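Throughout, my numbering is defined as the position within the sequence shown, counted from one, plus 365. All C-beta atoms, glycine included, are put in the ideal place defined by N, C-alpha and C. These numbers come from a predicted model, not from an experiment.
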Amino acid sequence: MRYDCDLHCHTIRSDGNDSPEELIENATKAGLKVIAITDHDIQPPLYIDTCDGRIDIKVFAAKKSIDLVLDMNFRVTLTWMMYTSWDTGWTGKARC
């Protein structure tokens, strides 16, 4: 079974190989419909600088037919941590 999504992507902002813009472009070329940027310990990118100026990253992704989820990985040593999703505003306890 094939899923047209990748919900755990990293960019050069942590340990990935592509810029956020390149990641979205490559996801489009690969036929993905949904991706999540989940860089380590850094707020997700909220915009991309293009030749036409600064654009909201979700707008940029939508123009490429990508539904973009913004999130992040936390490195923790605690047994419990609070998790807040950047996208949905949902807050809840997550067991580590």
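* Rounded straight-line distance, which links the Cα of residue 419 to that of residue 396 -> Along the sequence shown, read from residue 1 onward, the residue named residue 396 stands at position 31. Along the sequence shown, read from residue 1 onward, the residue named residue 419 stands at position 54. Straight-line spacing of the CA atoms in residue 396 and residue 419 works out to 25 Å.
* Those residues which DSSP pairs with residue 411 across a bridge -> Indexing the sequence shown from 1 puts residue 411 at position 46. Its beta-bridge partners do not exist; DSSP assigns none.
* **CA nearest to the CA of residue 398, picked from 385, 371, 422** => Position 33 of the sequence shown holds residue 398. Ranked by how close their Cα comes to the Cα of residue 398, the residues 385, 371, 422 have 371 in first place.
* Which runs of the alpha helix (DSSP H), 4 residues or longer, sit entirely within the segment 369-446? -> Taking only runs of at least 4 residues, the alpha helix (DSSP H) segments lying wholly in the segment 369-446 are 385-394, 422-428.
* Going by alpha carbons, who is nearest to residue 374 out of 394, 400, 391? -> Taking the first residue of the sequence shown as 1, we reach residue 374 at position 9. Comparing Cα-Cα distances from residue 374 to each of 394, 400, 391, the minimum goes to 400.
* Asked: Considering only residues of the same chain and omitting the five flanking positions on each side of residue 381, which have a CB-CB separation below 8 Å?
  -> Counting from 1 along the sequence shown, the entry for residue 381 is found at position 16. Excluding positions up to five away in sequence, the list reads 374, 375, 388, 404.
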